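Start counting the sequence shown at 14; every next residue gets the next number (the numbering used here).
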Amino acid sequence: MAFEELDKEQWEAICEQCGLCCFEKIEDEDGRIFFTSTPCRYLDIDTRQCKIYEKRFKICPDCVQLTPELVKDLKWLHRSCGYKKALRRQKEE
């Protein structure tokens, strides 16, 4: 099934809840992405769960709502991201 055909629940089930997207990232002038060890203040480091998940976009304007389109385009999503892995699998089919 194509990403675009998934409902919200199916889409969110792809997330492996690694929390890597919730850590600050730095992009240099050459476009290279560097991952830091600084998490979003709302990320529970132990569980890798967002403490404000249901209200995250209201409370934290920097939080990015991942969509199929963004997953395809974002350079800063970690290679081990569940969405990125699912996208690679989809391309192989």
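All C-beta atoms in this analysis are idealised placements derived from N, C-alpha and C, irrespective of residue type, glycine included.
All values derive from a computational prediction rather than experimental measurement.
- Burial of C34 is indicated by the presence of at least 16 other C-beta atoms within 10 angstroms of its C-beta.
- DSSP places P52 in the uninterrupted beta strand (DSSP E) bounded by I46 to P52.
- A straight line joining the alpha-carbon of C28 with that of E42 spans about 30 Å.
- As the crow flies, the alpha-carbon of R102 is around 17 Å from that of E25.
- Per the coordinates, the alpha-carbon of C31 lies some 24 Å from the alpha-carbon of E18.
- When C-beta atoms of the stretch 52 to 61 are compared with those of the stretch 71 to 84, three or more pairs fall below 8 Å, so the two segments count as touching.
- Rounded to the nearest whole angstrom, the CA to CA distance from F16 to C94 is 15 Å.
- Cβ-Cβ separation between I46 and K97: approximately 13 Å, too far for a contact (criterion under 8 Å).
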